[in-house]
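Read the structure below first, then the notes.
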Amino acid sequence: MILKAFKQIVLTFGLMGLMTSSVRAADSGFDFSVTPVSDNVYSIVAPSYGLPSPENKAWNSNSHFVVTDTGVLVFDTGSSELIGKAIKKAIKSVTDKPVRWVINSHSHADHWLGNAAFADTGAEIIASSPVVATMKKYGQEDVAFFSRVTEGATGTTRIVYPVSLLAQGTKRNLGGVDVEFLFANDGHSPGDVLMWLPKQKIIFGGDVLSSDWMPIITPHANVPHLIDTLKAVAKLDPTVVLTGHGKPTTVKSVVRDVDLLAAVWKLVKAGYQDNKTPEEILSLASARLGKKYKPLYQDFDAQIGQHVQQMYKKLKQQA
């Protein structure tokens, strides 16, 4: 079940940074700051990472936007309609152009429940077919879950689904900006979409790409496909890598994640074949990989066990 998987994911993260003041009131505003990435690309980076709470009001994921000649392209809309409206307000601090396109990178609720904020602009909302199918199956449960764990701080969220479906390798020119869409082949979740600006060499990755924290391995992730996707991204040699959580980064982070995932996957496969327990494999992985990777991630100690457990379960399911 996707919702149950999502709960498991966010519970394992822990909050990496909370907003300093209380934001419990559903009608209290967000103070979104916009980070310039290039002449026409901007990021809105969430200050917290992990389980939605009354304190962070479910603002726990990033959104990005591109200002084109004729309008704005938004990549991911946040965890609620309130957050979507705050994103729209932040965009207006940069440009008066309307939002014309919205990309939903995947179906996890913290990345798309803000869609309704852009419905009145007539924006074309875009995703892959598996993403939309998953949203329609679990969207209402996601809204209820977010409202419950934030004690109502997400307010009232209308569900607005994407209407335009992407195919692998789709290329479009949006307002004079060339855009290419890449699929992760379910590397993180069903139907993950990445967005590539070839002229500017900027990649938008949702939760397929990581910055400050370990790659996110979900119960429904395909680890070999995730590794292959990251290798393909690395070959593009992006100058800027925009992630679903954490600050903007570079291709070095992508290469780092390929190396880590490949190393853990190799250890788990070998341990599974030797009939080792997940605990034995974890001990080995921590000993062999900790020295190299602990300084590279804020959450290595907390997440290496999650990686081993999820990969072990995958191999067991395939047996």
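Residue numbers are given in the numbering used here: position 188 of the sequence shown equals residue 189, and the series is strictly consecutive.
Even glycine gets a Cβ: it sits at the ideal position worked out from N, Cα and C.
Keep in mind it's a predicted model, so treat the numbers as computed, not measured.
Where residue i falls, given that 16 or more other Cβ within 10 Å makes a residue buried
| i | result |
| --- | --- |
| A87 | buried |
| A47 | buried |
| S53 | Residue 53 is actually Pro in this sequence, not Ser. P53 is buried by the Cβ-count criterion. |
| K292 | exposed |
| R257 | buried |
| T278 | exposed |
| D238 | exposed |
| N57 | buried |
| D111 | buried |
| S39 | exposed |
| V164 | exposed |
| D28 | A caution first: D28 carries a pLDDT of 39, below 50, which makes its placement in the model unreliable, though a value can still be read off. By the 10 Å Cβ count, D28 comes out exposed. |
| Q319 | exposed |
| Q304 | buried |
| A168 | exposed |
| K307 | Lys is not the amino acid found at residue 307; the sequence shown has Gln there. By the neighbour-count rule (16 or more Cβ atoms within 10 Å), Q307 is buried. |
| G123 | exposed |
| A26 | Any reading at A26 needs caution, since the residue's pLDDT is 31, under 50, leaving its predicted position unreliable; the model's value is listed next. Exposed. |
| K315 | buried |
| K317 | exposed |
Residue i - DSSP class collapsed to helix/strand/coil
| i | result |
| --- | --- |
| L261 | helix |
| P37 | strand |
| D189 | The residue asked about is misnamed: residue 189 is His in this sequence, not Asp. Looking at H189 - three-state DSSP - the assignment turns out to be coil, as it is neither helix nor strand. |
| D302 | helix |
| R173 | strand |
| F182 | strand |
| I160 | coil |
| I88 | helix |
| I218 | coil |
| T151 | coil |
| T278 | coil |
8 Å contact criterion, which residue i and residue j should meet: CB distance rounded
| i | j | result |
| --- | --- | --- |
| S190 | S108 | 6 Å |
| S37 | V73 | The sequence given here places Pro at residue 37; Ser does not occur at that position. That pair is no contact at about 14 Å. |
| T158 | S106 | Incorrect: roughly 18 Å between the Cβ atoms, too far for contact. |
| N61 | D77 | That belief does not hold up - the Cβ atoms of N61 and D77 are roughly 12 Å apart, past 8 Å. |
| M312 | V224 | 6 Å |
| I203 | V42 | 6 Å |
| V103 | V75 | 5 Å |
| L166 | V133 | 7 Å |
| A118 | K89 | 5 Å |
| V252 | A235 | 6 Å |
| H246 | D187 | Incorrect: roughly 19 Å between the Cβ atoms, too far for contact. |
Paired residues, beta bridge with residue i - DSSP
| i | result |
| --- | --- |
| Y50 | The partner list for Y50 (beta bridge, DSSP) is empty, contrary to what the question assumes. |
| S129 | L167 |
| S44 | T36, H65 |
| D208 | Note: D208 sits in no beta bridge, so no partner. |
| I203 | L198, V241 |
| W1 | The requested residue 1 does not occur in the structure, where the chain is confined to residues 2 to 320. |
Problem - the segment 214-221 / the segment 68-77 touching (three or more Cβ pairs under 8 Å) - result: no
Practice task
Tell me, please, whether the segment 190-200 touches the segment 145-156 by the rule of three or more beta-carbon pairs shorter than 8 Å.
Solution key: no
Exercise for the section: Report yes or no: do the segment 236-247 and the segment 275-282 share at least 3 C-beta pairs separated by less than 8 Å? Expected result: Here the segment 236-247 does not lie against the segment 275-282, with fewer than 3 beta-carbon pairs under 8 Å apart.
Practice task
Could you tell me whether the segment 197-210 touches the segment 221-234, where touching means 3 or more Cβ pairs closer than 8 Å?
Solution key: yes
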